[in-house]
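Peer 1: Here our numbering runs 2 ahead of the position in the sequence shown, where the first position is 1. Pasting a structure here, questions to come.
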Amino acid sequence: MAKASTENYSFDQKHLLGLADYSREDILYVLDQAKSFREILDRPVPKIPTLRDKTIVNLFYENSTRTRLSFELAQKRMGADVVNFSASTSSTKKGESLKDTIQNISSMKIDMVVCRHESPGVPHFLTQCVDAAILNAGDGAHEHPTQALLDMFTMQQIHPSLDGKKVAIIGDISHSRVVRSNIIGLTKVGAKVVICGPKTFMPKFVEDMGAEISYNLEETLSWCDVAMALRIQLERQGKSTELFPSLREYHDLFGIKMKHLEKYPDFKIMHPGPINRGVELQSEVADSERAVILDQVTNGVAVRMAVLYLLSGGIRI
Ligand code: CP
Numbered sequence: 003m004a005k006a007s008t009e010n011y012s013f014d015q016k017h018l019l020g021l022a023d024y025s026r027e028d029i030l031y032v033l034d035q036a037k038s039f040r041e042i043l044d045r046p047v048p049k050i051p052t053l054r055d056k057t058i059v060n061l062f063y064e065n066s067t068r069t070r071l072s073f074e075l076a077q078k079r080m081g082a083d084v085v086n087f088s089a090s091t092s093s094t095k096k097g098e099s100l101k102d103t104i105q106n107i108s109s110m111k112i113d114m115v116v117c118r119h120e121s122p123g124v125p126h127f128l129t130q131c132v133d134a135a136i137l138n139a140g141d142g143a144h145e146h147p148t149q150a151l152l153d154m155f156t157m158q159q160i161h162p163s164l165d166g167k168k169v170a171i172i173g174d175i176s177h178s179r180v181v182r183s184n185i186i187g188l189t190k191v192g193a194k195v196v197i198c199g200p201k202t203f204m205p206k207f208v209e210d211m212g213a214e215i216s217y218n219l220e221e222t223l224s225w226c227d228v229a230m231a232l233r234i235q236l237e238r239q240g241k242s243t244e245l246f247p248s249l250r251e252y253h254d255l256f257g258i259k260m261k262h263l264e265k266y267p268d269f270k271i272m273h274p275g276p277i278n279r280g281v282e283l284q285s286e287v288a289d290s291e292r293a294v295i296l297d298q299v300t301n302g303v304a305v306r307m308a309v310l311y312l313l314s315g316g317i318r319i
């Protein structure tokens, strides 16, 4: 398979299982390629035939709006044949195993698999079952690499070099695959990362991965260039009262509010979605000009086009 390359660098990845497997150069190369695809999205006809000989299956065992639709749009913008698998309407409901499912789908001659699953490690397992390129669209609380890439791409639109930039990630850290991929990616490209949230949400891995911890929202917002709020994942932790007393108390202590935007005029607001309005962000904050949340969504299509292009080993655009 031909790989994209520059004079001194060759992108040589077959899969995207997590940013832990990607070097700083790989990450910066994907982000650089995504710029070309972002420009294509602004054309009157935002289509290129780069993947017209490829067949891609989107294998989603867990709910998604942004990731699933933007992968599908990216694939269709590039001319791929696309099939969508949803566990809730498949023979998984009759007891078919993941291995049997993917091997049957692979027998239909597919080139790439985009997989979201509630269990960490499933994308890696798929690489052992089939020859297709595997792209992780979120596996449990492990990684969500394309989300972190689109987050970094959006930060680059504000600050072209992320080296030394100050990124705060605030919220439900212990249940978040987004935070893991962002810490890995951002520290590889030289950004400083502070993780802020209640002690009950703060896992040990944060400091081991090179980020700092803060339990003080005001201090964190006064420091950062970008503040990314993360969703409180009530579905992963059972009752909210297990980890903090109430959503109202969480919002009082860690929700970003209009008063913060007035007091600290420089930082931008990001959120991977879906937002719990009135919990992580005051609703007016999510709709304010300081928020780049919908830019993140638009950029997600471009970043996923870049990843699909690079992992397909295709010709340069
Ligand atoms: N950010 C994100 O992964 O959103 P979805 O769950 O809607 O795909």
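By construction, the Cβ of each residue, glycine as well, lies at the ideal position given by its N, Cα and C atoms.
Note down the Cα distance separating V191 from G97, rounded to an integer number of angstroms.
Peer 2: Rounded to the nearest angstrom, the two C-alpha atoms are 43 Å apart.
Peer 1: Starting from A139, follow the beta strand (DSSP E) in both directions and report where the run begins and ends.
Peer 2: Counting along the chain, the beta strand (DSSP E) containing A139 begins and ends at A135 to D141.
Peer 1: Taking just the CA atoms, how far does D141 sit from G302?
Peer 2: 18 Å
Peer 1: At what residue ranges does the segment 253 to 284 contain a whole run of the alpha helix (DSSP H), taking only runs of 4 or more?
Peer 2: 260 to 265
Peer 1: Examine the Cβ distances between the segment 252 to 270 and the segment 280 to 296 and report whether three or more of them are shorter than 8 Å.
Peer 2: Yes, they touch.
Peer 1: State the beta-bridge partners of C117 as determined by DSSP.
Peer 2: L61 and N138
Peer 1: At the level of alpha carbons, what is the spacing between R26 and E291?
Peer 2: 31 Å
Peer 1: Among the residues of its own chain, which have a CB less than 7 Å from the CB of Y11, if the five just before and after it don't count?
Peer 2: E27 and Y31
Peer 1: Out of curiosity, what's the CA-to-CA distance linking V299 and V59?
Peer 2: C-alpha separation (whole angstroms): 21 Å.
Peer 1: What number of angstroms, rounded off, separates the C-alpha of T189 from the C-alpha of S163?
Peer 2: 13 Å
Peer 1: So is R182 buried or exposed if we call it buried at 16+ other beta carbons inside 10 Å?
Peer 2: Buried, since its Cβ has 16 or more Cβ neighbours within 10 Å.
Peer 1: Below 8 Å, is the gap between the Cβ of Q77 and the nearest heavy atom of the ligand CP?
Peer 2: no
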